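A short worksheet on the structure shown next.
Protein chains: 2
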Amino acid sequence: MNRGTARARKPAAERRRQIIEVTTRLIAERGFWGLSMQDVADGCGLTVPGLLHHVGSKDRLLLAVLDHRDAEDARALVAELGPFEWPYPLPPGVDLRRLCAALVRRNAAQPEIVRLFAVLEAESLAPGHPAHAYFVTRQERALAAFTTVAGGSGDRPSSLARQVMALMDGLQIQWLRDPEGTDLVAEWEIAAEALFR
Amino acid sequence: MNRGTARARKPAAERRRQIIEVTTRLIAERGFWGLSMQDVADGCGLTVPGLLHHVGSKDRLLLAVLDHRDAEDARALVAELGPFEWPYPLPPGVDLRRLCAALVRRNAAQPEIVRLFAVLEAESLAPGHPAHAYFVTRQERALAAFTTVAGGSGDRPSSLARQVMALMDGLQIQWLRDPEGTDLVAEWEIAAEALFR
DNA sequence: GTCTATAGGACGATAGAC
DNA sequence: GTCTATCGTCCTATAGAC
Numbered sequence: 179m180n181r182g183t184a185r186a187r188k189p190a191a192e193r194r195r196q197i198i199e200v201t202t203r204l205i206a207e208r209g210f211w212g213l214s215m216q217d218v219a220d221g222c223g224l225t226v227p228g229l230l231h232h233v234g235s236k237d238r239l240l241l242a243v244l245d246h247r248d249a250e251d252a253r254a255l256v257a258e259l260g261p262f263e264w265p266y267p268l269p270p271g272v273d274l275r276r277l278c279a280a281l282v283r284r285n286a287a288q289p290e291i292v293r294l295f296a297v298l299e300a301e302s303l304a305p306g307h308p309a310h311a312y313f314v315t316r317q318e319r320a321l322a323a324f325t326t327v328a329g330g331s332g333d334r335p336s337s338l339a340r341q342v343m344a345l346m347d348g349l350q351i352q353w354l355r356d357p358e359g360t361d362l363v364a365e366w367e368i369a370a371e372a373l374f375r
Numbered sequence: 179m180n181r182g183t184a185r186a187r188k189p190a191a192e193r194r195r196q197i198i199e200v201t202t203r204l205i206a207e208r209g210f211w212g213l214s215m216q217d218v219a220d221g222c223g224l225t226v227p228g229l230l231h232h233v234g235s236k237d238r239l240l241l242a243v244l245d246h247r248d249a250e251d252a253r254a255l256v257a258e259l260g261p262f263e264w265p266y267p268l269p270p271g272v273d274l275r276r277l278c279a280a281l282v283r284r285n286a287a288q289p290e291i292v293r294l295f296a297v298l299e300a301e302s303l304a305p306g307h308p309a310h311a312y313f314v315t316r317q318e319r320a321l322a323a324f325t326t327v328a329g330g331s332g333d334r335p336s337s338l339a340r341q342v343m344a345l346m347d348g349l350q351i352q353w354l355r356d357p358e359g360t361d362l363v364a365e366w367e368i369a370a371e372a373l374f375r
């Protein structure tokens, strides 16, 4: 049906939001290398050239998705912790343990987003990946920010920062693989008890 | 050169070893969705049909790579800890902390293999991935085995098992992204100090 | 055990009409 | 803002000769 007739014409901003939402879901499922522009277009009720008109190229679409995630995370965290810059550094008064608890609670409510990052984090280890630079920078900034906030907690703040990041990522993978059998928030609390002791 | 002339004819077993080695490297770089049979064939000095003669299909090639890894890991761990079954359960006398130290030391010496697993672990979260079942089983077994070995260490052995697995995976990702700036073995030792305290 | 030839698609991207 | 048409390339897999 509708073959040969014009499809719904949407304002660019709204269409863009839709494209990013659909792409987010598909990358979480298949990663960037497994993503096809055809699938994105289908999911939006567009043809591929119609899609490319909005995003330029497949690489730029990926970066648009990541930019949008950063903006969303900034919104959520500022609402929770008060105004500060994002992504990173964190405001100096923040308590690391409470910050992490907030992050884990938020992540537990949006498995799709967590999976998006889990898949891209691994895929982008290859230097040729279009999000390689993004994730290198992201890790540098996260490590620096968490290290600063961990400053008072012991004699190796950067190691504590690394442990916090590693545990969150690792527990999330376990949870994504077995959501029914894994209580992400509870396991984090138990782990935090050991880390911050 | 050599266009149209017969290529080197190898015994099947040797050719298979070569194919698995080349594939391991390529999957570590691009994941399974990003892997092309053409690249594997080129890396082996074969045509694509020549390659398919040995491995049957792309899916079966992936599973062959994983089987080969399990066999190699079994060899190495038995050499280090004495004879036991693999993959899992572990022999009951093993000390969890010493086992982990051995695993981390071994992993630190073979970043390519660690990356292979990091990439596939994330990619295979999707139910349609050809290694999905493999990694579900792997996580179940690892959790069960580590829980058993952690039995005497506290009142929540399964949580300690999860923390150990999560920390190893998470630290490895950080290390792969910044090998120069991250001392995997040292960071693990510091983390283990906190976990096993 | 390896090849050539080919089937039969899917891919990302561009040109140009409307 | 969306389309049709098309380019050139890549993909996995099969058939059959040697």
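Chain order of the listed sequences is A and B.
For the first sequence, position 81 matches number 259 in our numbering, and the numbering has no gaps at all.
For the second sequence, position 137 matches number 315 in our numbering, and the numbering has no gaps at all.
Idealized CB from N, CA, C, for every residue including glycine.
Bear in mind that the values here come from a model prediction, so they are computed numbers and not experimental data.
Listed in chain order, the non-local C-beta contacts of P269(A) below 8 Å within the same chain comprise L259, G260 and F262, local neighbours out to five positions each way being set aside.
Annotation: the continuous alpha helix (DSSP H) that includes P335(A) extends over P335 to R355. Separation of S214(B) and A322(A) (C-alpha to C-alpha, rounded to the nearest whole angstrom) is 38 Å.
Residue-level contact check: L362(A) does not touch chain B, since none of the beta carbons of chain B fall below 8 Å from its beta carbon. Here A328(A) is buried. Its C-beta has 16 or more other C-beta atoms within 10 Å. At a beta-carbon threshold of 8 Å, the residues of chain B lying near W211(A) are R208, G209, W211 and G212, ordered along the chain.
Using a CB distance below 7 Å, the part of the stretch 320-343 of chain A facing chain B consists of R334, S337, R340, Q341 and M343, ordered along the chain. Fewer than three pairs of CB atoms, one per stretch, sit closer than 8 Å, so the stretch 291-303 of chain A makes no contact with the stretch 220-236 of chain A.
Judged by DSSP in its simplified three-state form, A257(B) adopts helix.
Between V272(A) and the set Q288(A), A287(A) and T325(A), the nearest pair of CA atoms involves T325(A). When CB distances to chain B are screened at a threshold of 9 Å, the residues of the stretch 283-304 of chain A falling below it are R293, A296, V297, L298, E299, A300, E301, S302, L303 and A304, in chain order.
With a beta-carbon spacing of about 7 Å, S331(B) and L274(B) fall inside the 8 Å limit used to define contacts. A check of alpha carbon separations from P189(B) across H232(B), R375(B), E365(B) and A249(B) identifies H232(B) as the nearest. Less than 8 Å divides the Cβ of R340(B) from the Cβ of Q352(A). Contact check for W211(A) against G306(B) fails: the beta carbons are separated by 8 Å or more.
In the DSSP assignment, P289(A) falls within the unbroken alpha helix (DSSP H) covering P289 to E301. Going by beta carbons, G359(B) and G348(A) fall outside the 8 Å limit. Taking 8 Å as the threshold, the shortest C-beta distance from G223(A) to chain B does not fall below it.
Here the C-alpha atom of L244(B) lies approximately 17 Å from the C-alpha atom of R284(B).
Against G348(B), the close residues of chain A are M343, A344, L345, D347 and G348, in the order they occur along the chain (beta-carbon pairs closer than 7 Å). Counting the other Cβ atoms within 10 Å of the Cβ of S302(B) gives 16 or more, which makes it buried.
Taking 8 Å as the cut-off, the Cβ atoms of Q317(B) and D356(A) count as close. For S331(B), the three-state secondary structure derived from DSSP is helix. Of the candidates R185(A), L230(A) and E207(A), the residue whose Cα lies closest to the Cα of H310(B) is E207(A). Under the Cβ criterion of 8 Å, V314(B) is counted among the residues facing chain A. By the beta-carbon neighbour count (other beta carbons within 10 angstroms, threshold 16), Q350(B) is buried. Around the C-beta of T315(A), fewer than 16 other C-beta atoms lie within 10 Å, and the residue is accordingly described as exposed. With respect to the 8 Å criterion, D251(B) and P308(B) are not classified as neighbours on the basis of their beta carbons. Inclusion of L345(B) and A369(B) in the CB contact set at 8 Å is warranted, their separation being smaller than that value. If you check the CB distance, L239(B) and T201(B) come in under 8 Å.
Under a criterion of Cβ atoms nearer than 8 Å, the residues of chain A adjacent to A369(B) are, in order, S337, R340, Q341 and A344. V297(B) is positioned such that its CB atom lies closer than 8 Å to that of I205(B). Closest by C-alpha distance to A320(B), out of A191(B), C278(B), L224(B) and R375(B), is C278(B). By alpha-carbon distance to A191(B), the top candidate from W264(B), H246(B), A254(B) and T225(B) is H246(B).
Rounded to whole angstroms, D333(B) and L373(B) show a C-alpha spacing of 13 Å. The straight-line gap separating the alpha-carbon atoms of P335(B) and E371(A) is approximately 14 Å.
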